[in-house]
Amino acid sequence: MILRADGVGALREAVHALDKAVGGLNYAHVRYPDVVFDRENAPLLHPLIAPSKIIGIGLNYKDHCEEQGVEPPDHPTVFAKFPSALQRPGGFIQWSRELTQQVDYEAELAVIIGRVARHVRASEAYYYVFGYTAANDVSARDIQFGDKQWVRGKSLDTFAPLGPWVVTQDEIGDPMNLAIRCRVNGEIRQESTTANMIFSVPELIEFLSRSFTLLPGDIILTGTPAGVGIFRDPPRLLQDGDRVEVEIEHIGTLTNTCREL
Numbered sequence: 037m038i039l040r041a042d043g044v045g046a047l048r049e050a051v052h053a054l055d056k057a058v059g060g061l062n063y064a065h066v067r068y069p070d071v072v073f074d075r076e077n078a079p080l081l082h083p084l085i086a087p088s089k090i091i092g093i094g095l096n097y098k099d100h101c102e103e104q105g106v107e108p109p110d111h112p113t114v115f116a117k118f119p120s121a122l123q124r125p126g127g128f129i130q131w132s133r134e135l136t137q138q139v140d141y142e143a144e145l146a147v148i149i150g151r152v153a154r155h156v157r158a159s160e161a162y163y164y165v166f167g168y169t170a171a172n173d174v175s176a177r178d179i180q181f182g183d184k185q186w187v188r189g190k191s192l193d194t195f196a197p198l199g200p201w202v203v204t205q206d207e208i209g210d211p212m213n214l215a216i217r218c219r220v221n222g223e224i225r226q227e228s229t230t231a232n233m234i235f236s237v238p239e240l241i242e243f244l245s246r247s248f249t250l251l252p253g254d255i256i257l258t259g260t261p262a263g264v265g266i267f268r269d270p271p272r273l274l275q276d277g278d279r280v281e282v283e284i285e286h287i288g289t290l291t292n293t294c295r296e297l
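Counting from 37, one number per residue, gives the positions in the sequence shown under my numbering.
The structure is reproduced here in structure tokens:
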């Protein structure tokens, strides 16, 4: 109700439009009940359709570094994930077995940039944040490790589920103490808090904006905690039909089902 069809351009004005949008919805609910749909009967799209960038941060939880036997980095580990990988809440995470046989989950807090940001100090970073949502940084581990870099293995179509919605910065307040968990078929695989990040959201924005301009609608995936499938003994990777849930406190639950083609 707030964003243009491209899902990006109106972020600059969206913060100021929230009150009007909520008022309009309340009015429509009373005056035109037939145009208000029950949530269960209205599939959600992912909150942003055409961001200029999806920026991934690797190795940003100490326990995730420990589970793979590497030292925590002294500066953020940055990679790109193509926007064409985006998938909506409730959509399929799908892959061809001929392409990959090691599909993994990664529960992550996603930061949505709301203003043009360049050379931003950490102390001012939240001014540039529109809001937050849940993300699953789905990864084809055999491609990721075989290529010896991460872009292709993390950018397959549907490998960036996002949602279920964006909660604005003013509603979240401090994003650095949110419970985060991942469930596969109801079983908890990851459970942590964003307080365990090595580099905080403001530190990430400062680091990234020193190198390139962050634009409204850009997405920063802030890293995943321990418990991913590939580093379990034995590995527990995603299979056809698995139901994956990423839940973040004060945001909600992103749910997707796996489909092997």
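Note that beta-carbon positions come from the ideal geometry of N, C-alpha and C, so glycine has one too.
Assigned with DSSP and collapsed to three states, R177 falls in helix.
Non-local beta-carbon contacts of R133 in its own chain, meaning distances under 8 Å to residues more than five positions away in sequence, involve E296, L297 in chain order. Closest in C-alpha terms to W131, from the list L274, E285, I149, E281, comes L274.
Inclusion of V203 and Y163 in the CB contact set at 8 Å is not warranted, their separation being larger than that value. Taking P271 as the centre and dropping the five residues before and after it, the same chain places the C-beta of G265 closer than 7 Å to its C-beta, in chain order. In the structure shown, the three-state DSSP call for F73 is coil. DSSP, read as helix, strand or coil, puts V203 in strand. Between the region 105 to 122 and the region 223 to 233 there are fewer than three C-beta pairs closer than 8 Å, too few to call the two in contact. Between the alpha carbons of G150 and T136 lies a distance of about 35 Å. The three-state reading of DSSP puts N221 in coil, since its state is none of H, G, I, E or B. 8 Å or more divides the Cβ of I284 from the Cβ of P197. Per DSSP, reduced to three states, the secondary structure at S228 is strand.
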